[in-house]
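In the UniProt record's numbering, the protein residues as written are 1 to 153.
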């Protein structure tokens, strides 16, 4: 679109179904790379993708013609298909239904980047469930604690 200017930064956070620890060191870099490439294929721009064994954080510049829901449908759907097609995990792979998405101004990008880059260190002190709840509380998102995640199997 000519004469359309934008600067929209978002962080998307999503979990492995039942928060299972399926993203091992053996497959992690490939999974994160696939997710980053899928974001770029939509016309959005990947800034950083990182996570731990049970969830992923993506910081990206959102293209104004791409809706967040369409982006997440592509990223989660195609990445799980890729993971299963190439048997990157020991068991069938699925993402948890839903996701969290949070917006940032340009002045916050460096701090968010560092936070995502240090996920492994961060999660030595705080589990994903608590981290996710703290995001929702910080951004004043109303939620029912019982419905944040599907029940563990």
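Every residue gets a Cβ at the ideal spot worked out from N, C-alpha and C, and that includes glycine.
Evaluate contact between the segment 25-32 and the segment 94-102, counting only Cβ atoms and requiring at least three cross-stretch pairs below 8 Å. no
Report the residue ranges of all beta strand (DSSP E) runs contained in full by the UniProt domain "Transposase IS200-like" (5-119); include only those spanning at least 3 residues, in chain order. With a minimum length of 3 residues, the continuous beta strand (DSSP E) runs that stay inside the UniProt domain "Transposase IS200-like" (5-119) are 9-15, 45-52, 55-61 and 100-104.
Residue 130 lies in the alpha helix (DSSP H); which residues open and close that run? Where residue 130 is concerned, the enclosing alpha helix (DSSP H) stretches over 128-138.
Contact under 7 Å by Cβ, residue 113 with residue 48: yes
Residues near residue 4 by beta carbon distance below 7 Å, same chain, minus five either side: 64
Are there 16 or more other CB atoms within 10 angstroms of the CB of residue 86, so buried, or fewer, so exposed? exposed
Does DSSP put residue 123 in a helix, a strand or coil? coil
Can you say whether residue 143 is buried or exposed, counting buried as having 16 or more other CB atoms within 10 angstroms of its CB? exposed
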